[in-house]
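A.B. asks:
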Amino acid sequence: MARIVMKFGGTSVADLDRIRIAASRVRREVEAGNEVAVVVSAMAGTTNQLVGWCQSLSPLHDAREYDAVVATGEQITAGLMAIALQTLGIEARSWAGWQIPIRTDGAHGKARIEQIDGAELVHRMGQGQVAVVTGFQGLGPDHRITTLGRGGSDTSAVALAAALRADRCDIYTDVDGIYTTDPRIVTRARKLARISYEEMLELASVGAKVLQTRSVELAMKEKVRVQVLSSFQDVPGTLVVDEDEIVEKELVSGIAYSRDEAKLTVRRVPDRPGVAATVFGALSAENVNVDMIVQNISEDGMTDMTFTVGRSDLPRAQAALAEAKPQIGYAELLADTNVAKISVVGVGMRSHAGIASKMFRALADKGINIQVISTSEIKVSILIAADYTELAVRSLHTAYGLDAA
Ligand code: ASP
Ligand code: MG
-8 MARIVMKFGG TSVADLDRIR IAASRVRREV EAGNEVAVVV SAMAGTTNQL VGWCQSLSPL
52 HDAREYDAVV ATGEQITAGL MAIALQTLGI EARSWAGWQI PIRTDGAHGK ARIEQIDGAE
112 LVHRMGQGQV AVVTGFQGLG PDHRITTLGR GGSDTSAVAL AAALRADRCD IYTDVDGIYT
172 TDPRIVTRAR KLARISYEEM LELASVGAKV LQTRSVELAM KEKVRVQVLS SFQDVPGTLV
232 VDEDEIVEKE LVSGIAYSRD EAKLTVRRVP DRPGVAATVF GALSAENVNV DMIVQNISED
292 GMTDMTFTVG RSDLPRAQAA LAEAKPQIGY AELLADTNVA KISVVGVGMR SHAGIASKMF
352 RALADKGINI QVISTSEIKV SILIAADYTE LAVRSLHTAY GLDAA
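Quick note: the sequence shown uses this note's numbering, first residue -8, plus one each step.
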């Protein structure tokens, strides 16, 4: 017998038929003797509609009332799921965030979960009752409903699993697991049986949009074992677990890409102490996140700095650097949005040399020019011209032996 949290995303509860299918998955776990808590998202499209209504009435709407509106989507599904379960002969009860309560901070619209009192749920689950909990919402210090930010019900599920000391948190979604790369680009992408939290975080931040990043961070911190699986197909999913649980560590687990980057170059800045602090200080003052950075060797006391920012931050970054031009003293600012970041991720890199050189060789063989390089302990990222994204991802997938047989 195990205690599990089962989370169903918007597409998995998009209509009554799908709610019935989800309920039958819950029944299967209950009948196998498990204690089950269910976390639900709003039906697909609902949250968008609710957000849209708030925005139409007032673009600068009150964040507390926004939360009062958008939290309703999950309440509908929680009640419907409880009814669907009861119809199948399973004892079930729905719970809104405030009823448990799931306590959050006061940041309406993007609140963080601070504490969950799981005692009552544990008691009832012990008596065979399934707890159906609204994702995405909690109770703020002002005793009003809060929401956690878009995609937040993944985080609700992981937080609940931690609070209930669940053996597993199963995330049912519209993909059947985590792949070595985007299967739309590489048809021979393979589904991973296991991936470590850290790898998942690196992959999530560079393009794989399966789990909300915050939920993975929380799972890593609380050591919650997460399983990503399809609610439509009855096939094994991917387990996201601690590195120690992965016996056969792959050198490289996945290849990720992102086209949401922009490249900036400040040309001919004086190469003296403090200049990087001035450039990046100006950007951080405007809340612009910088990702990859290279600085050239200097000639005649002048140097070039190239770095990347999120594409949506580009106008703000350009404005901040234009304003700081007198302090920085550069000659020219160049921007390029025709770029893509490709990342090779794997915990095996910690103990093996040659991962980066293999990457550079594979790209050279295809005539792809590398513009910027950055590395971390388990990741090598490069920036290339956006037109070569698919070719690069495919070549690397083959080069690291990830193609399915
Ligand atoms: N319903 C919310 C959203 O669409 C939360 C979630 O589904 O995770 O963002
Ligand atoms: Mg989601």
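C-beta: ideal position from N, C-alpha, C; glycine also.
#1: Where DSSP assigns a beta bridge to P261, which residues make up the other side?
#2: Does at least one heavy atom of the ligand MG sit under 8 Å from the Cβ of G142?
#3: DSSP three-state label for L324, please.
#4: By DSSP, does S398 sit in helix, in strand, or in coil?
#5: Does DSSP classify G109 as helix, strand or coil?
#6: Which first and last residues belong to the beta strand (DSSP E) in which L130 is found?
#7: Which residues share a DSSP beta bridge with D161?
#8: Please name the residue in E234, D8 and L183 whose C-alpha comes closest to that of P227.
#9: Measure the C-alpha to C-alpha separation of S206 and T68 and round it to an integer number of angstroms.
#10: Which residues in the same chain as E26 place their Cβ atom closer than 6 Å to its Cβ, once the five residues preceding and following it in sequence are excluded?
#11: Going by beta-carbon coordinates alone, are A148 and V17 separated by less than 9 Å?
#12: Could you tell me which whole beta strand (DSSP E) segments of length 3 or greater appear in the region 300 to 379?
#13: In whole angstroms, what is the alpha-carbon distance linking G80 and E208?
#14: Answer yes or no: the CB of V336 versus the heavy atoms of the ligand HEM, is any distance below 8 Å?
#15: For the alpha helix (DSSP H) containing M34, list its first residue and its last residue.
#16: Let me check understanding here. Comparing Cα to Cα, which of A59, M350 and D295 lies closest to L325?
#17: How should M(-8) be labelled, buried or exposed, when 16 other C-beta atoms within 10 angstroms of its C-beta is the threshold for buried?
#18: Hey, T137 and A102 are a contact pair by Cβ (cut 8 Å); roughly how many whole angstroms apart?
#19: For the 8 Å Cβ check, are there 3 or more pairs between the region 27 to 34 and the region 88 to 96?
#20: For E26, write down the residues that DSSP places opposite it in a beta bridge.
#21: For R341, count neighbouring C-beta atoms within 10 Å of its own C-beta (all shown protein chains included) and say buried if the count is 16 or more, exposed if not.
#22: Which stretch, first to last residue, makes up the alpha helix (DSSP H) that contains Q66?
#23: Return the CA-CA distance between A157 and V232, expressed in angstroms with no decimal places.
#24: State the CB to CB distance for the pair E252 and K332, rounded to an integer number of angstroms; the pair is presumed to be in contact (CB under 8 Å).
#25: Could you pull the start and end residues of the beta strand (DSSP E) that V123 belongs to?
#26: Name the one or two DSSP bridge partners that V285 has.
#27: Is there contact between the region 0 to 14 and the region 168 to 185, where contact requires at least three CB pairs shorter than 8 Å?
#28: Note the first and the last residue of the continuous beta strand (DSSP E) segment covering V231.
C.D. replies: Inspection of the coordinates gives the following:
#1: M293
#2: yes
#3: strand
#4: Residue numbering for the chain in the displayed model covers -8 to 396; residue 398 lies beyond these limits and cannot be assessed.
#5: The answer is coil: DSSP assigns G109 none of H, G, I, E or B.
#6: First-last of the beta strand (DSSP E) with L130: Q128 to L130.
#7: M(-3) and Q218
#8: L183
#9: Take the alpha-carbon of S206 and the one of T68: they are about 21 Å apart.
#10: R(-6) and M116
#11: Contact flag unset, no.
#12: 323 to 327, 330 to 336, 363 to 367 and 370 to 376
#13: 36 Å
#14: What this structure holds is the ligand ASP and the ligand MG, not the ligand HEM.
#15: Note, M34: premise wrong, no alpha helix (DSSP H); not H, not E.
#16: D295
#17: exposed
#18: 4 Å
#19: no
#20: R(-6)
#21: Under this definition R341 is an exposed residue.
#22: T63 to T78
#23: 14 Å
#24: Between E252 and K332 a beta carbon distance of about 5 Å is seen, short of the 8 Å cut, so the two are scored as contacting.
#25: Where V123 is concerned, the enclosing beta strand (DSSP E) stretches over V121 to T125.
#26: V285 is bridged to T297.
#27: Short answer: they don't touch.
#28: T229 to V232
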